[in-house]
């Protein structure tokens with residue numbers, strides 16, 4: 067950031083601390099003790115810049131993660147200008163899933179797509195059988211829970227419960243207005 071940017075009030079967004087993703091397996095243990103189950107699925111969401119230049123990076127990430135026979139990688143577009151790279155592993159391999167998500171995020175950031183990274187999700191099943199995502203916001207460096215239910219509503223009591231369960235394991239987003247709904251995200255249909 068230059069001195070003119072400082073005078074005009076412009077600032078560079080903070081770099082995402084991707085290493086906090088490694089706190090998710092501990093959060094998973096806290097959730098498991100309360101009856102939540104890891105599904106083995108997660109995703110990275112990023113803005114598709116021009117539809118071509120990021121394809122090479124995505125292909126490289128798919129190749130690296132795909133070399134492990136226990137992992138699968140799928141790519142989808144959500145129609146809102148975002149791409150989702152979904153990673154699937156066996157439900158018991160939360161550490162492997164987090165490592166894959168970290169590798170995908172790091173590869174995209176190293177290739178210059180850091181500002182286009184929106185979030186990462188790690189999916190769980192709630193004791194009630196509903197879907198739950200632990201969402202990492204890149205620009206904030208924090209997590210929040212998202213529990214969708216039918217008719218594009220949210221299970222707010224479950225989200226508040228999850229916040230209390232994981233706040234000692236991962237940094238939780240304190241501003242509830244940043245707990246965005248991720249309707250239509252891979253693996254999160256209610």
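Numbering (our numbering), first residue to last: 67 to 256. The C-beta atom is built at its ideal place from N, Cα and C for all residues, glycine as well. Quantities reported herein were computed from a predicted structural model and do not represent experimental measurements.
Pick from the options that is closest to residue i, judged by C-alpha positions
i, options, result
"residue 131", "165, 104, 217, 99", "165"
"residue 123", "208, 179, 90, 197", "179"
"residue 174", "128, 91, 240, 243", "128"
"residue 227", "101, 170, 88", "101"
"residue 155", "92, 171, 134, 201", "134"
"residue 161", "146, 177, 136", "136"
"residue 194", "83, 223, 236, 149", "223"
"residue 151", "177, 185, 210", "185"
Three-way DSSP call (helix, strand, coil) for residue i in this model
i, result
"residue 84", "helix"
"residue 95", "helix"
"residue 108", "strand"
"residue 127", "helix"
"residue 37", "Summary: the structure shown does not reach residue 37, with the chain confined to residues 67 through 256, and so no result is reported for it."
Check whether residue i and residue j have beta carbons under 8 Å apart
i, j, result
"residue 187", "residue 248", "yes"
"residue 250", "residue 114", "no"
"residue 138", "residue 252", "no"
"residue 99", "residue 189", "no"
"residue 212", "residue 225", "yes"
"residue 254", "residue 97", "no"
"residue 89", "residue 201", "no"
"residue 239", "residue 198", "no"
"residue 121", "residue 207", "no"
Per DSSP, cross-strand counterpart(s) of residue i
i, result
"residue 199", "189, 212"
Whole runs of the alpha helix (DSSP H) within the stretch 210-245, excluding any shorter than 4 residues: Fully enclosed alpha helix (DSSP H) runs of 4 or longer: 222-232.
At what residue ranges does the stretch 144-197 contain a whole run of the alpha helix (DSSP H), taking only runs of 4 or more? Whole alpha helix (DSSP H) segments, 4+ residues: 160-174.
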